[in-house]
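First the structure, in the form of C-alpha cells, and then the observations on it.
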Amino acid sequence: MNSAILAQVLVNGLLLGGLYAAIAAGFSLVWGVLNVVNMLHGSAVVLGAYAAFFGWQLGINPFLAALAIGPAIGLLGWVVQRFIVQRVIAAPVLITLVLTFALDLVLNNAMLAAFTADYRKMGSVTGLPPLMIGTVSIPADRLIAAVLGIVATFLVHLYLTRSRLGRAIVAVRMDQETARLMGVKVEHIYALTFGIGLALAGVAGCLIGAVFPISPLNSGGYLGVAFVACVLGGLGSVVGAIVGGLVLGVVESLGSMLIGAEYGVTVAAVLLILMLLWRPQGLLGRAGYD
Amino acid sequence: MHARLQGWVLPVAILVIGAIVAYGLPIALSNQTYLLRLATSLALLVTLASAWNLVGGFTGYPSFATAAFFGLGAYASAVMQQFGWSALTGYATAAICAALLSAPFGFAILRLKGHYFAIASLMLVSILKEVTTGWSNVTGGGMGINLPGAGGDPLAIARISLEILVMLAAFSVALSLVISRGWLGFGLSCIRMNETAALSAGIDAPRLKTIAFTISSAICGVAGAAYAGWIGYIDPSDVYDVMWSVRPIIAALIGGVGTVFGPVVGSLIYLVFEELMWRNLLTFGTGALGVLIAILVLVMPGGVLPSLRKGKVS
Amino acid sequence: MTALLELQGLTRRFGGLTAVNNVSFSLDQGEIVGLIGSNGAGKTTLVNLATGHLQPTAGRIAFAGYDVTGKTPYQLARLGLVRTFQVVQPFMQLTALDNVAAVALFAGGAADMPAARHDAQACLERLGIGELANRLPPHITLAQRKRLELAKALAARPKLLFLDEVNAGLNSAEIDGVLTMIRSIAAEGVTIVVIEHLMKVVRGLCRRLVVLHQGALLADGQTEDVARDPAVIEAYLGTRGAAMLEVSPP
Amino acid sequence: MKQLSIQNLSAGYGDVNVLYDVSFNVPVPGITAIIGSNGAGKTTLLRVLSGLIRPSKGSIQLDGATLESLEPDGFVAAGIAHVPEGRRLFAGMTVEDNLLMGAFSRKVAKAEISRDLDEVYSHFPKLGERRYQDAISMSGGEQQMCAIGRGMMAKPRIMLVDELSLGLAPVMVDVLVAALKQLAANGLGLLVVEQDVAVAFDLADQVVIVDRGRVTKTGSSADVAADPAIRDAYLGEI
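Just so you know, the protein sequences line up as chains D, F, C and E, in that order. Throughout the first sequence, residue numbering follows my numbering, covering 1 to 290 in sequence. Throughout the second sequence, residue numbering follows my numbering, covering 1001 to 1314 in sequence. Throughout the third sequence, residue numbering follows my numbering, covering 2001 to 2250 in sequence. Throughout the fourth sequence, residue numbering follows my numbering, covering 3001 to 3238 in sequence.
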C-alpha cells in the first residue's frame, strides 16, 4: 500500500470528517445540555439535504441555501422541543430515547412517503476542477463542504463562549438549578439549544447533499456518525465534535479500504464501544466533564 | 421452611398455567389464522418484554440490545437447521450463541451508565446485522434463509409455534418472578437504586449485572429461534430490526417497568393499539406507529402497575 | 504486630490535578484516628482509594497483612474494610431494615435473606433506631439516616471503619449521641478513621491526627502535638481551630 | 427602614412539610444569620427566598413588591441574589465567565458590567489573579469568594449565603467573614445560613434560630447569645 494511495485515503477521510463534524456538533450539544439523545437528528440531516436538493433544482447554490435551511430546521427543532420533548425532559434515559425514536419514525416515514426511497444526486455545484496536490486530488465541492462544516461548528463554539445566551447554555449544561438562580429561564435555553442542534443538522444536510447522493434511508447512518463522532470528541463539546468527526472520517475511509466498505458501520461501532470503555469523556473531554 | 415453600408455589403455578394454555389454545383457535397470529405475537412480546425487564427494569440499565440477540438466535437456529440439525438443536444453539456473546459483551458495556450503555447496546444490533449480511456463504447474506420446515402445513406450523412461544413466555415470567424474590433480584434492585452504595454493601455488581444480561439475552435468542420457525423465512433487515428492541420496552413501560407482571399487561395493551393502528393506516404504517409510541410515552411514563418496586422485596 | 492498614506512597491524579500525593501512614488495631484537612485537601479521595472506589495512580495498600491494592469495594467490604459516605446514600425504596439486611447478606456473610434480616434488626437496635425498621429513608430525619449508615457499616462486621463526616449537619445534642455510638463500636476492637471538620468531634474522639493539605501528608501525630504544629495552624486550623483542640481528649 | 419582610411562611417537598409559619425581617443594610441543625429547614428557607421552591402559605416582600409567586428570575430581578450551598460554580467555565453569569439578568451596557467586575476583583484580589482559570480548579475558600463575587455581580439589595463556612479551613472562614462585613458596610443586606454557631455570632448583628421548621428565637446577636437556654443547646462549643 504505497504512500500515494495512503495520502489520498487520508485526505478523503479528512474531507468526510469535516461533514461528520457538522453532523455530530448539534447532536453533542443537545445531548450535553438537555441530556437528551436526539434520535431525530439523522432525519433532520436528511431533511436539510432534500431542502438543498430542491433549492438546487431551482438554481440555488446549496452552500448559500444552508443559510436559510439551517435556521428553518432550527425553528422546527425549537417547536419540537418546546411542545413535545420538554414534557419528558426530566424523565429517565429510557423515556427520552424512545420518544425521540418515535419522532424519527414519524419524520422519516413522512419523507419516505413524500420523496420515495430512491437516491437523488445534485450535479457539480461549483463546477470548479479538483485541486491537485502532488498525486492527491481534492474535488472542489467536497473541500468547500468540509471547510464549511468545520466553520459552521466553530461559529457555534464562539457563540457558546462569547455571547450572553451562549454562556447561559453552558451554565445550564453544568448546573441547571444554579443557572436558574442566576435568572436564566431554563426552558427557553432548552428550546434554543435544541433549535441550534437541529439547525446544525440542517446545515450538515445541505453540505452532504452537495456532495453525496441522498435518500431518507441514510438517516440511520447519519445518526450512527453523530453517536460515534460525539463520543470520540467528548460529550457536549462542540469543538470536540470537530476532532471526533475528523478522526471518524479518517478511520472509516482507512477501514473501508482495508476491510471493505460493507463493514463500515461495524468499524465505527467497534471504535465507539472501545472509546466508551476507555475514555467516555472523549479525546478532548476532561474526566467528569459531562 | 414455610417461606421457602411458599416462594416456589407461584412460579410453578405460572408454568402449569402456561402449559395448559400452550396445549389448549392452539386447539381452541385451530384454524383461525388471524387469532393464532395475534396470540403468538402476544406470547412473543411477553417473552421479550419480560426478558428485557430483568436488565431494564430490575437493574435499571436501559438496554436496546434485544433485537441483536433476537436476530442472533433466529440465525443460529436457521443455520443449524439448514445443515440438517433438528429444530430442538436449533433452539439450543440459539440460546448458547446468545449467552456466549452476551456474557463477555455484557460484562464490558455494563460498566457504562445511562445513555452511554443504551447507545453501546444499540450499536450491537447494527454490528450483528452487518456481520450477518456480510457472512453470506453461511447466512445467505441479504437474501436471507428459508427454514427447512417451512414447507409443511401452515396451520400446523402456526399451532406448534404458538405452543412453543406460550411455554417460553410462561418460563420467562416465572423465571423473572423467582429472580425478583431471590438474592439476585435483591442485589439487582440495590444496584438500580444506588450502585455505589451497592458496591460498598459487598454486592458484586459487575457479576450480578452480567448474569441478568446473559439470562435475558439467552431467552431473547430462543425467542428469535421460535420466530424463525414460525415465519419460515428470515433476513437481516427483519430479525435485526430495531423495533424488536423498542416494542418490548414500550410494553414494559405501559405495564410498569421493574414489576414482574407489568410486561405481561403492557404487552397486551400495546398489541391492541398496534393492531388497531395497523388495521386502517396501512400506507403510513410505520409513521403511524411512531405517533402511537410517542403518545404512549408522553401519556404514561409511569406505567399501569406501580412502575418502580415499592417497599421491600417480599 | 503487623499494622491493620498500611498505605505506602499512595498517589492519585485526575488529568493534571494530583488529588492525593504520595501519602504513607499505617493504622494499628483499635486506634481511633482523625483525618482532617480543608475542603479539596484530598480526604474523601484518600478514603475512596483505601476502600477501592478509586484505583491509585501509584502506591500500595495493605490490609491485615495482605496487599489489597486494586481490589474492588465489594471485595474489601467482605474483608471488613468498610466506609460510610459523606453524603448519606441509603437505598431509597428499601426499608431501613432491608438497607441493613443488604449489607448483612452480601458483606456480613449472612446465610440467606431471613438470617440477614435478623442480623439487621440487631444492628438497628444497637444504634437505637430499632423502631424505624419498616420506615423508608425519605421519611426519617437526617440524624436517624446517619445512624442507619452506621448500622449498615456494622452489618458488614467491620475490622476497619472510615466515617466520612458522619456528623456534618447535626446539632450539638445529635453529635453527642453519635460520639457515644462511635466509642461503643471502637470498644469492640473496630479501628476507626474519622474524617471530620468539627474540632469538637475530633477532640472528643481522636488521640491521633493525620492532616492532609493539597493532597499531601502535612502532619501525623498525637492530637495535642498536631494542634501546636505551626504548619497545621497556618494551613488549616487558624487561631480558633487550634484553641478548640488545645483541651486534650478525656 | 428598607428590609426583606417574611410573613407566616410555610413550605415543603410534596406532602412533607418542612417550614411552619416562619416570620422575620432582614434589615438592609445589615447581616442576619440563621442557625439550627440541618433538617431544621435552613436550606429550604433559602430555596423559598430565591424562588426555587414555592411556599404553600405566607408572603415575601421587598420594598412593597410581593415575590412569593415569582420564578427565580423574578427574585433576581427584584434584587435577591443566592449563593448556594456547596458554592456550585459552573464547571468548564473560567472565574470571569462565572462572575459574568451572575450579571445574566441585568440588561445593562458592557462598560458597566466590566466596572462591576473590577469592583469584585478589588474586593477579592485573588479572583483577579485567577480570572481566566477554571473556576472549579480553585480551593474551597477561593471558590466561595468567587460564588460571593458572582452574587455581587447581580447588584442585589439582599444576598442569601447558604452554609458560608462548611468544609472550609477556619483560617479561610476568617477572611470570608471580614469580606461579608465589608459588603454590609457598603449597604448590602445579608441573610447567611451558618452551621458553625461561633462564626454566626461573630458575623451577624441579628440572629434567627430555626428548629424543626419553626423560628424559635429572633434578636440581636448579643441578646440571643446571653439567653441561657440557647447557650447550652447551641453554644456548647464556645
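The C-beta atom is built at its ideal place from N, Cα and C for all residues, glycine as well. As the structure is a computational prediction, the values presented were derived from the model and not from experiment.
Length of the line joining the Cα atoms of residue i and residue j
i                       : j                       : result
residue 1153 of chain F : residue 1273 of chain F : 30 Å
residue 244 of chain D  : residue 124 of chain D  : 28 Å
residue 67 of chain D   : residue 203 of chain D  : 8 Å
residue 1031 of chain F : residue 1023 of chain F : 15 Å
residue 171 of chain D  : residue 3159 of chain E : 20 Å
residue 3003 of chain E : residue 2179 of chain C : 41 Å
residue 72 of chain D   : residue 3092 of chain E : 30 Å
residue 3045 of chain E : residue 3019 of chain E : 7 Å
residue 107 of chain D  : residue 1289 of chain F : 12 Å
residue 2190 of chain C : residue 2229 of chain C : 29 Å
residue 3047 of chain E : residue 3022 of chain E : 14 Å
residue 117 of chain D  : residue 163 of chain D  : 41 Å
residue 83 of chain D   : residue 1029 of chain F : 45 Å
residue 2160 of chain C : residue 2081 of chain C : 5 Å
residue 1112 of chain F : residue 2053 of chain C : 16 Å
residue 3162 of chain E : residue 3214 of chain E : 18 Å
residue 129 of chain D  : residue 1132 of chain F : 41 Å
residue 1012 of chain F : residue 1173 of chain F : 11 Å
Min CB distance residue i to chain C below 8 Å
i                       : result
residue 1176 of chain F : no
residue 1202 of chain F : yes
residue 3169 of chain E : yes
residue 1058 of chain F : no
residue 3050 of chain E : no
residue 3093 of chain E : no
residue 3172 of chain E : yes
residue 3037 of chain E : yes
residue 1196 of chain F : yes
Close Cβ partners of residue i (< 7 Å) along its chain, the five nearest in sequence each way excluded
i                       : result
residue 1025 of chain F : 1039, 1162, 1166
residue 225 of chain D  : 20, 23, 24, 248
residue 2135 of chain C : 2095, 2096
residue 2213 of chain C : 2037, 2041, 2235, 2236
Contact set for residue i: own chain, Cβ-Cβ below 6 Å, skip 5 residues either direction
i                       : result
residue 1118 of chain F : 1062, 1064
residue 2026 of chain C : 2003, 2006
residue 2077 of chain C : 2107, 2156
residue 2186 of chain C : 2032, 2192
residue 37 of chain D   : 31, 97
residue 3149 of chain E : 3099, 3120, 3124, 3127
residue 304 of chain D  : What is shown of chain D runs 1 to 290, which leaves residue 304 of chain D out entirely.
residue 2216 of chain C : 2021
Assumed close pair residue i, residue j - CB separation to whole angstroms, cut-off 8 Å
i                       : j                       : result
residue 228 of chain D  : residue 192 of chain D  : About 26 Å; that fails the 8 Å criterion.
residue 236 of chain D  : residue 31 of chain D   : 7 Å
residue 3104 of chain E : residue 168 of chain D  : 6 Å
residue 1192 of chain F : residue 1018 of chain F : Their Cβ separation, rounded to whole angstroms, is 27 Å, which puts residue 1192 of chain F and residue 1018 of chain F out of contact at 8 Å.
residue 15 of chain D   : residue 146 of chain D  : 4 Å
is_contact[residue i, chain E] using C-beta, thresh 8 Å
i                       : result
residue 2074 of chain C : no
residue 2148 of chain C : no
Short CB-CB distance (under 8 Å) between residue i and chain D
i                       : result
residue 3236 of chain E : A caution first: residue 3236 of chain E carries a pLDDT of 49, below 50, which makes its placement in the model unreliable, though a value can still be read off. Residue 3236 of chain E does not count as touching chain D.
residue 3088 of chain E : yes
residue 3012 of chain E : no
residue 1126 of chain F : yes
Residues near residue i by beta carbon distance below 8 Å, same chain, minus five either side
i                       : result
residue 3202 of chain E : 3177
CB contact check: residue i to chain F, cutoff 8 Å
i                       : result
residue 2064 of chain C : no
Proximity test, Cβ basis, 8 Å: residue i and chain A
i                       : result
residue 3105 of chain E : Here chain A cannot be found, since the structure's protein chains are D, F, C and E.
- Message: At a CB distance below 7 Å, what residues from the stretch 3054–3086 of chain E approach chain C? Give them in sequence order.
- Response: In summary, no residue of the stretch 3054–3086 of chain E has a CB separated from any CB of chain C by less than 7 Å.
- Message: What are the residues in the stretch 3132–3146 of chain E lying within 8 Å of chain D by C-beta distance?
- Response: Flagged: no residues at all.
- Message: Taking beta-carbon pairs under 7 Å, can you tell me which members of the stretch 2028–2043 of chain C lie near chain E?
- Response: From the stretch 2028–2043 of chain C, only 2038, 2039, 2040 have a Cβ closer than 7 Å to chain E.
- Please list the residues of the stretch 2187–2206 of chain C that have a C-beta atom closer than 7 Å to any C-beta atom in chain E, keeping them in chain order. Hits within the stretch, in order: 2197, 2200.
- Item | Contact residues within the stretch 112–129 of chain D, judged by C-beta distance below 7 Å to chain E | Cβ contacts with chain E: none found.
- Give, in chain order, every residue of the stretch 259–278 of chain D whose Cβ lies closer than 7 Å to some Cβ of chain E. Going along the stretch 259–278 of chain D in chain order, one finds no residue with a Cβ nearer than 7 Å to chain E.
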